[in-house]
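Chains R and L, in that order, give the protein sequences. Note that my numbering gives residue 134 to position 126 of the first sequence, counting from 1, and the numbers run on in steps of one. Note that my numbering gives residue 756 to position 25 of the second sequence, counting from 1, and the numbers run on in steps of one. Positions of the beta carbon are idealized from the N, C-alpha and C atoms, including for glycine. No experiment lies behind these values; they were computed from the predicted model shown. Here the structure comes first, spelled out in structure tokens, and everything after it is commentary.
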Amino acid sequence: MATVTIRNVWKYYGQTPAVKDLNVTCPDGSFVSILGPSGCGKSSTMRMIAGLEHISAGDILFDNQRINDLAPKDRDVAMVFENYALYPHKTVFENIANPLRLRGTADATIKERVTGAARLLEIAHLLERRPHELSGGQKQRVAIGRAIVREPKLFLFDEPIAHLDAKLRAHMRGEIKHLQRNLGTTMIYVTHDQLEALSMADFIAVMHDGELQQWGTPSEIFNKPVNAWVAGFVGEPAMNFLTCDLKRRGDDVVLSHHNFDIPLLPGQVRQLNGAAQAGIARMGVRPDAMTVSMTKPSEAAIQGEIFVNELLGGDMLVEVQLADSRIRVKTTPEFEGKPGEICYLTVNRDKWHVFDAGDGHAYF
Amino acid sequence: MASRDVVHYNTPLQRVLSVLSVVFVIFYLIWTLLPFVIMFVSSFKDLLEAFKLPAVGDWAGIGVFFEFTPTLKHYQTLFAENNFSRYMLNSLIAAGGSAVISVIFGSLAAYSLSRVDFRGKSDLFFWIISTRMAPVVAVMVPLFAIFRSLDLVGTLPGLILAYTTFNLPFAIWILKGFFDNVPYGIEEAQMVDGATRFQAFRSILPLVAPGIGAFIVLCILFAWNDFLFAAIIGSGGAKTLPVATRELVQPQNIQWGAIMAAGVVTTAPMMLLGLVIRKYLVTGLTMGAVKE
Chain R
9 MATVTIRNVW
19 KYYGQTPAVK
29 DLNVTCPDGS
39 FVSILGPSGC
49 GKSSTMRMIA
59 GLEHISAGDI
69 LFDNQRINDL
79 APKDRDVAMV
89 FENYALYPHK
99 TVFENIANPL
109 RLRGTADATI
119 KERVTGAARL
129 LEIAHLLERR
139 PHELSGGQKQ
149 RVAIGRAIVR
159 EPKLFLFDEP
169 IAHLDAKLRA
179 HMRGEIKHLQ
189 RNLGTTMIYV
199 THDQLEALSM
209 ADFIAVMHDG
219 ELQQWGTPSE
229 IFNKPVNAWV
239 AGFVGEPAMN
249 FLTCDLKRRG
259 DDVVLSHHNF
269 DIPLLPGQVR
279 QLNGAAQAGI
289 ARMGVRPDAM
299 TVSMTKPSEA
309 AIQGEIFVNE
319 LLGGDMLVEV
329 QLADSRIRVK
339 TTPEFEGKPG
349 EICYLTVNRD
359 KWHVFDAGDG
369 HAYF
Chain L
732 MASRDVVHYN
742 TPLQRVLSVL
752 SVVFVIFYLI
762 WTLLPFVIMF
772 VSSFKDLLEA
782 FKLPAVGDWA
792 GIGVFFEFTP
802 TLKHYQTLFA
812 ENNFSRYMLN
822 SLIAAGGSAV
832 ISVIFGSLAA
842 YSLSRVDFRG
852 KSDLFFWIIS
862 TRMAPVVAVM
872 VPLFAIFRSL
882 DLVGTLPGLI
892 LAYTTFNLPF
902 AIWILKGFFD
912 NVPYGIEEAQ
922 MVDGATRFQA
932 FRSILPLVAP
942 GIGAFIVLCI
952 LFAWNDFLFA
962 AIIGSGGAKT
972 LPVATRELVQ
982 PQNIQWGAIM
992 AAGVVTTAPM
1002 MLLGLVIRKY
1012 LVTGLTMGAV
1022 KE
């Protein structure tokens, strides 16, 4: 177990920076997810922690010990690769036993540990097979088995379940989280799937274009995104954005759009700095922070026209056409509106966000 | 996936062509196999019987070829009088030695070229292949001069070195393709598991085994059948089978029987090798070329 500190780390590929001045501290025993789209530098970060890439600048520390110049084998980390990277010519048993064999562990101990890990992952009956005889989910379990068979300081999981089908992925999410809780080993888990990060991690580091956008608990990331990019990346269906004008009206500040004029809550007005109280801003609201109805519930309701309805099993997603943009609202399947009809949206003002129109940082 | 069968239409032209192709194959087989058959049969014949030929046009007289009393005396001449066991050993050591050395250095070099990026890599790789482009004859004189000044002429190490200069670029070239097809993730997993770079390299060798097997065969064939290097660099102390066979042709006496026997002795091991690893060789050579 270890606390992992990433301090002012840069990664360059030639002249191109892949990771820019990254600062993160992963507490001992925590489950940290690095979340971002492809090319955001999350895999580079993980590979630098594993020792598979040089660190261009900055330091990485395990428990205050600088590990920049240690070879991967001396870092005592275990990694699960996106493509599993099993040894095709070895049996499952030998695949899992490999890290122990390389450390010269006694045969009896190896047998005990491998069967133990295999039982934990429910692959004990597959030990004599070779990787090409396994399904994707089984291969992935073998790769995890290889990681947990010795007790490393740190687990590094690089999109381990990205190639599984949706049902198995949901199942493995729970299993991996459970496994990490039981072992208590610090885990860094790289993923591009915000659902995986939100559902499994203790802390999420959101990265974009090589820069850390936000560090926080899943609830902080989801409810208090620091900028429009994080807000738009996290959450499914994605947050709606509308470009609005901020106007001062007496003591109130009003968010003004072609279709509506809605005052901010008093606390929110204080969160705007003075300069931003007038001018263009971007309003963001999640599809589940609004309600849609066919009758006008209040004066503040936003009028729009239904563009299309999407039934998602237990939910209904209604796409509503406003003057120049469309926004999506989550409602129940009982919603009776038909495309082309006029509907009314009510925004939960506690849950909306206003972002700067320029750099996209969040006021609230 | 589309069917991979070649659609066959039974047109008259097709029927003619199929008959013609069978005829062609028969002639081709006679053309290629007859020399071996004559060599093999003659090596067991007394010299008088070997030169007994039917008259031109006398097809019935073809049986004359097979009317003989088998004798092993040519083989006895080879091994008892001409020291052929020594030459066979020389051939084996020269071919095997150069194959082993080429595989060791070739796999290391191919691995590096496949895995490590450095400036001038493509130029280096081209230079390595380009050493194979010059015909052996062109480099023979300078090579001989170098070897003579190093006292390597007429020694087995000298011959092994000469074969290695030609086999090594070939090894690097073939094996690089095989290493390129091994996913890098496997070594990375090994290294994170606790392996050194060299252990990681060794761990993926089983995955390029078909390539190594194919290369060893080609390398041994090259050295075993070589005459030029053996005659010039190996002459004297490191005489190999082809050179020794050539020496059976003497100005006043061409020892046909012994030459036939020497031909069998030289050819048979390679034919056996070919038969044993035939399947391996084909999969090995195509696996490097075709990405799965």
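Within 10 angstroms of its Cβ, does residue i collect 16 or more other Cβ (buried), or is it exposed?
i, result
"TRP955/L", "buried"
"VAL1021/L", "Confidence in VAL1021/L is poor, its pLDDT being 42 and thus under 50, which makes the residue's placement unreliable; the coordinate value appears in the next sentence. Answer is exposed; the Cβ neighbour count stays below 16."
"ILE891/L", "buried"
"ALA114/R", "exposed"
"ILE905/L", "buried"
"MET54/R", "buried"
"GLU204/R", "buried"
"MET1002/L", "exposed"
"GLY1019/L", "Summary for GLY1019/L: the model assigns pLDDT 45, below 50, so the residue's position carries little reliability; its value from the coordinates is reported in the next sentence. Buried."
"TYR894/L", "buried"
"GLU159/R", "exposed"
"TYR21/R", "exposed"
"PRO801/L", "exposed"
"GLY345/R", "buried"
"GLN745/L", "exposed"
"TRP237/R", "buried"
"VAL738/L", "exposed"
"PHE797/L", "exposed"
"ASP67/R", "exposed"
"ASN103/R", "buried"
"GLU120/R", "exposed"
"MET732/L", "In this predicted model, MET732/L has a pLDDT of only 46, less than 50, meaning its place in the structure is not dependable; the value taken from the coordinates is given anyway. By the neighbour-count rule (16 or more Cβ atoms within 10 Å), MET732/L is not buried but exposed."
"ARG933/L", "exposed"
"ILE75/R", "buried"
"PRO941/L", "buried"
With distances taken from CA atoms, which of the options is nearest residue i?
i, options, result
"THR340/R", "GLU318/R, ASP173/R and GLU120/R", "GLU318/R"
"TYR806/L", "ILE990/L, PRO766/L and SER934/L", "ILE990/L"
"SER1024/L", "PRO888/L, GLN745/L, VAL747/L and PHE910/L", "Past the boundaries of the shown model lies residue 1024/L; chain L is included only from 732 to 1023, so the question cannot be answered."
"PRO1000/L", "PHE932/L, SER822/L and VAL868/L", "SER822/L"
"VAL277/R", "PRO226/R, HIS361/R, HIS216/R and ILE350/R", "HIS361/R"
"GLN930/L", "TYR92/R, ARG111/R, PRO305/R and GLN329/R", "ARG111/R"
"LEU164/R", "ALA178/R, GLN222/R and LEU60/R", "LEU60/R"
"GLY967/L", "ARG879/L, ALA811/L and GLY908/L", "ARG879/L"
"ALA365/R", "ARG256/R, PHE249/R, ASN76/R and GLY153/R", "PHE249/R"
"GLY837/L", "ASP854/L, PHE909/L, ARG977/L and ILE757/L", "PHE909/L"
"ARG154/R", "PHE211/R, TYR95/R and LEU206/R", "TYR95/R"
"PHE767/L", "ILE1008/L, ALA811/L, ARG1009/L and VAL996/L", "VAL996/L"
"VAL234/R", "TYR371/R, LYS19/R, GLY287/R and TRP18/R", "TYR371/R"
"THR11/R", "ARG357/R, THR193/R and LYS81/R", "THR193/R"
"LYS776/L", "GLY788/L, LYS804/L and LEU881/L", "LYS804/L"
"LEU176/R", "LYS147/R, ASN190/R and LYS359/R", "LYS147/R"
"MET335/R", "ARG83/R, GLY240/R, GLN279/R and GLU342/R", "Position check: residue 335/R holds Ile in this sequence, whereas Met was assumed. When only C-alpha atoms are compared, the closest one is GLY240/R."
"PHE83/R", "SER264/R, GLN73/R and TYR92/R", "The identity of residue 83/R in the sequence shown is Arg, whereas the question assumes Phe. Residue GLN73/R is the option with its Cα nearest to ARG83/R."
"LEU129/R", "ILE57/R, GLU342/R and MET180/R", "MET180/R"
My understanding is that residue i touches residue j, with C-beta atoms under 8 Å, so please give their C-beta distance in whole angstroms.
i, j, result
"ASN898/L", "PHE958/L", "With 8 Å as the limit, ASN898/L and PHE958/L do not qualify as a contact, their Cβ atoms being about 16 Å apart."
"ASP166/R", "SER51/R", "6 Å"
"ILE118/R", "ARG109/R", "7 Å"
"GLN188/R", "PHE363/R", "Not quite, the Cβ-Cβ distance comes to about 34 Å (not below 8 Å), so this is no contact."
"THR99/R", "ARG137/R", "7 Å"
"ALA331/R", "ASN231/R", "Contact doesn't hold; Cβ gap of about 29 Å is too wide."
"ARG162/R", "PHE70/R", "For the sequence presented, residue 162/R should be read as Leu rather than Arg. Contact holds; Cβ gap of about 7 Å."
"ALA209/R", "SER41/R", "4 Å"
Going by DSSP, name the residue or residues bridged to residue i.
i, result
"SER64/R", "In DSSP, SER64/R forms no bridge with anything."
"MET324/R", "LEU319/R and THR339/R"
"LEU887/L", "LEU887/L pairs with nothing; no bridge assigned."
"ARG15/R", "ASP67/R"
"ASN984/L", "GLN981/L"
"ILE310/R", "LEU353/R"
"PRO25/R", "TYR20/R"
"ALA442/R", "Here chain R has residues from 9 to 372 only, and residue 442/R is not among them."
"PHE165/R", "VAL88/R and TYR197/R"
"GLY292/R", "PHE249/R and HIS361/R"
"GLN222/R", "VAL214/R"
"LEU30/R", "VAL17/R"
- Which whole runs of the alpha helix (DSSP H) in the stretch 224–289 of chain R are 4 residues long or more, in chain order? Runs of the alpha helix (DSSP H) inside the stretch 224–289 of chain R: 226–231, 236–241 and 274–279.
- Message: Quick check for students: name the residue ranges of the alpha helix (DSSP H) that lie wholly in the stretch 176–219 of chain R, counting only runs of 4 or more.
- Response: 202–208
- Can you list the beta strand (DSSP E) stretches of 3 or more residues lying completely in the stretch 793–825 of chain L, in chain order? Along the length of the stretch 793–825 of chain L, whole beta strand (DSSP E) runs at least 3 residues long do not occur.
- Item | Length-filtered (4 minimum) alpha helix (DSSP H) runs lying within the stretch 35–118 of chain R | 50–58 and 100–110
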